[in-house]
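Structure, as structure tokens:
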Amino acid sequence: MPDQQVNQPQLPPITAIDKATRTVFENWFQYPVRVQPHHTDYGGIAWHGSYITWMEEARVECLRSIGIDFAELVALGCDLPVVELSIRYHRSLQLGMSAIVRTRMTEVSGVRINWDYTIVSNDGQELYVTAQVTLVALDRERGKIMRQLPPTVKDALARIASAKK
């Protein structure tokens with residue numbers, strides 16, 4: 165087995181990423197959540213994986229709000245898997261509590277899309293989670309990293325970048 169090569173998709177070296185498409189975003193998208201019984205452990209505390217699920221829901225809704233329908237991307241053969249995740253749990257949410265997941269793209273560089281997250285109380289006074297996620301555009305059929313973002317994604321990102329100016 166050691167002599168056989170496993171054909172797994174690999175991230176391109178950082179020099180292969182087109183820096184010309186670098187875009188930075190400033191506005192936060194807000195997504196409300198409420199801790200339901202299936203989000204908790206036996207003590208009524210939100211399970212650590214629930215926060216990641218809420219972050220993904222917020223990211224998909226944020227993309228939809230700027231004209232990028234995740235289902236359409238998948239139908240076109242593009243996936244945006246998470247390749248890096250860093251999360252810090254500051255305080256626990258409990259059964260019945262509600263909160264706001266705040267997310268924004270912090271940078272688009274080539275085929276990498278970086279996101280920041282905070283999960284805060286409805287009044288913004290309590291901080292529950294901070295996180296960073298990196299996605300990369302993947303050709304589902306070939307199982308390889310794309311050389312560039314699909315045109316629909318580029319167009320939506322260009323609209324956001326030009327609206328900020």
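Residues 165 to 329 in my numbering are what the sequence shown spells out, letter by letter.
Positions of the beta carbon are idealized from the N, C-alpha and C atoms, including for glycine.
For aspartate 243, which beta-bridge partners are listed by DSSP?
Beta-bridge pairing links aspartate 243 to Leu302.
Give a yes or no on whether the C-beta atoms belonging to threonine 282 and arginine 223 are separated by under 7 Å.
Remark: C-beta atoms of threonine 282 and arginine 223 do not approach each other more closely than 7 Å.
Return the residue from the list Leu313, Gly274, Thr270 and Tyr215 that minimises the CA-CA distance to tyrosine 253.
Here the closest residue by C-alpha is Tyr215.
Let me know the secondary structure DSSP gives aspartate 205 once reduced to three states.
The answer is coil: DSSP assigns aspartate 205 none of H, G, I, E or B.
If I measure Cβ to Cβ from isoleucine 232 and keep anything under 6 Å in the same chain, skipping five residues before and after, which residues do I get?
Cβ neighbours of isoleucine 232 beyond the five flanking positions: Val317 and Ala320.
Under three-state DSSP, which class holds tryptophan 218?
Judged by DSSP in its simplified three-state form, tryptophan 218 adopts helix.
Entirely within the segment 234–287 and at least 3 residues each: give me those beta strand (DSSP E) ranges in chain order.
List check, beta strand (DSSP E) in window: 246–253, 262–273 and 276–284.
Interface flag, glutamate 221 vs chain B, CB-CB below 7 Å:
Protein chain content of the structure displayed is limited to a single chain, and chain B is not contained in it.
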